[in-house]
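If you read the sequence shown in the numbering used here, its first letter stands for residue 50, the second for the next number, and so on.
Using N, Cα and C, we set each Cβ at its ideal position, and we do this for glycine too.
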Amino acid sequence: MDEVLKTNYPHLVLILIDGMGVNILKQHLDSNALLNKHYKRALNTVFPPTTVAATTALLSAKTPYETGFLGWTQYNKNANVTETLFLEEETITKTKVSNSLLKQLNYQSIIDKIKTKHPEMQVEKLAIKPLFNCDFETFSEQLNRALMNTFSQQSFTYLYYPLLDTLLHSVGTKDLKVSQHLKDINNDYEKFIDEIADDVLVLTTADHGFVDVEIINLSYYPKLTKLLKRAPSIESRSMTFFVKSLYKRKFKTLFKKYFNEDFNLYSKKEVKRLKLFGKGKKHPLFESFLGDFLAVAKTNKAFSLKNDNGLKAQHGGGLLEEFLIPLIINK
C-alpha cells in the first residue's frame, strides 16, 4: 500500500461494497474475476464488525471508541430512547427522534476535510438512492459518475454500495442470488477499470463479512428480560444489556446458564479494559452507550427482540469471517 501511494495519483476512487468480506468475495467469485486478481490482502475491520461502526471509522479515520458510532441501535440518554442510529428513529415505535444521536455525534469526515483544504478539487460521495441525497439505482450508475469525476484535473470519489449487504441479510451467504450479484458487481468493476485513465487509483474494500445465523428470541427468556431497565442495543451479535441495579449478579448467572456456549459476556469494566471498541480519545457519550454487560457471539447465534425468524445472515459478532475485509487495488 505504501509503495502504491508513493505515486501521487491525481484521481482516487475509494469504493466500499457493504458486506463484501473476504469470505463472501472468495466464496462467490472465482480466481479469474478482476476483483480477485486485484486483491492484495485481508484487513481487520473494527469492532463491532458492522456498517455503523466501520463506515464511520473509514470516513473519520477514528475508532468507534472515538466517534461514538457503535452499532445499528444505541441508547440516546438525552432523549431517553433506544434509537436506530442511521434512521434517527426510536427502535420499537419508529417515531422520529428530534434530538437524534446522528446530530449529537456529528463529526467532520475526511471528505469534508478534503473539500475544505482543496476547494479546487472535484470531491464527491456516491450512494444508492436515497442515501447521501443521491439518485443512483445501480452500481454501474455510480461508477459512471465516478468516471466523470476523473475527467477533472483532480478528484476524490467515495462510492458506497449497500445492496449486496441487503441481499445477504435476506437470503444468506450461500444463495445463488449472491453469486450472481457479485458477478454483476465484478463485471461493472471490470468495465470501469477498462475505461479509466492510468492516473486513476482505485481502492476497493468492505466494512465487514457475513455469517449465516440462528436466531435466539429473547422474548422467550422472561426471567432474564425482566431484569433489564431498557431494551438491549448495539447489534444482534454484540448486544449490550442495561440491568436493574439490584439484579446484576442474577443477570450474569442467568445469562451464562442460557447462552454461555454461544456468547462471551463482558462487564462494562472488562469492555473498557480490553479496549474492544478501539483506542484514542474517548467520545463523551461513549459510556452512555454501554450497558452493564456486553454479549459477543462466538458461534453462529444472533439475538432478536421480536417474535420473528430474523435475518438469515448477519454480522457484528466475534467470528473471524465477520472481521476480515479485502484490500483491492487496481495497481
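Secondary structure at residue 235, three-state DSSP: helix, strand or coil? Residue 235 carries a helical assignment under DSSP once its states are collapsed to helix, strand and coil.
If you pair each beta-carbon of the stretch 160 to 169 with each one of the stretch 212 to 227, do three or more pairs fall below 8 Å? Between the stretch 160 to 169 and the stretch 212 to 227, the count of C-beta pairs closer than 8 Å stays below three; the two stretches do not touch.
Looking at C-alpha atoms only, which residue of 228, 140, 114 and 344 is the closest neighbour of residue 321? Comparing C-alpha distances from residue 321 to each of 228, 140, 114 and 344 shows the shortest one belongs to 114.
I'd like to confirm the pairing. Which residues does DSSP put opposite residue 363 in its beta bridges? Beta-bridge pairing links residue 363 to 260.
Alpha helix (DSSP H) runs wholly inside the stretch 53 to 81, at least 4 long, in chain order: Runs of the alpha helix (DSSP H) inside the stretch 53 to 81: 71 to 77.
So with Cβ pairs under 8 Å, would you call residue 95 a contact of chain C? In the structure shown, chain C does not exist; there is a single protein chain.
What does the alpha-carbon distance come out to for the pair residue 183 and residue 230? Those two C-alpha atoms are separated by around 21 Å.
Return the CA-CA distance between residue 341 and residue 119, expressed in angstroms with no decimal places. Taking the straight line joining both Cα atoms gives about 16 Å.
Out of 328, 284, 241 and 336, state which residue places its alpha-carbon closest to the alpha-carbon of residue 316. Residue nearest to residue 316 within the set 328, 284, 241 and 336 is 336 (criterion: CA-CA distance).
Please list, in chain order, all residues of the same chain as residue 222 whose beta carbon is under 6 Å from its beta carbon, the five residues on each side excluded. 259, 261 and 362, listed in sequence order.
Under 8 Å between the Cβ atoms of residue 122 and residue 131? Closer than 8 Å, so yes.
For residue 191 and residue 210, which I take to be in contact (beta-carbon distance under 8 Å), what is that distance rounded to the nearest angstrom? At roughly 7 Å, the Cβ-Cβ gap stays under 8 Å, so residue 191 and residue 210 are in contact.
Check residue 265 in the structure and name its three-state DSSP category. For residue 265, the three-state secondary structure derived from DSSP is strand.
Excluding five sequence neighbours on each side, which residues of the same chain lie with their C-beta closer than 6 Å to the C-beta of residue 343? Excluding positions up to five away in sequence, the list reads 289, 315 and 320.
Just to confirm my understanding: we take residue 82, look at its own chain, exclude 5 residues before and 5 after, and list those with CB closer than 7 Å. What are they? Contacts found: 235.
In the stretch 272 to 329, which residue ranges form an unbroken beta strand (DSSP E) of at least 3 residues, counting only runs that do not cross its ends? Entirely contained in the stretch 272 to 329, the beta strand (DSSP E) runs reaching 3 residues are, in chain order, 287 to 290 and 312 to 316.
Secondary structure of residue 201, DSSP reduced to three states: In the structure shown, residue 201 sits in coil (DSSP, three-state: anything other than H, G, I, E or B).
Runs of 4 residues minimum, wholly inside the stretch 73 to 148: which ones carry the alpha helix (DSSP H) assignment? Counting only unbroken stretches of 4 or more residues, the alpha helix (DSSP H) elements lying wholly within the stretch 73 to 148 are 83 to 86, 100 to 109 and 113 to 116, in sequence order.
Residue burial classification, residue 366 (beta-carbon count within 10 angstroms, cutoff 16): Looking at its Cβ environment, which holds 16 or more other Cβ atoms inside 10 Å, residue 366 is buried.
If you count every other CB in all the chains shown that lies within 10 Å of the CB of residue 285, and 16 or more means buried, which is it? Around the C-beta of residue 285, 16 or more other C-beta atoms lie within 10 Å, and the residue is accordingly described as buried.
Other residues of its chain near residue 228: CB distance less than 7 Å, five sequence neighbours each side excluded: Correct list, in chain order: 77.
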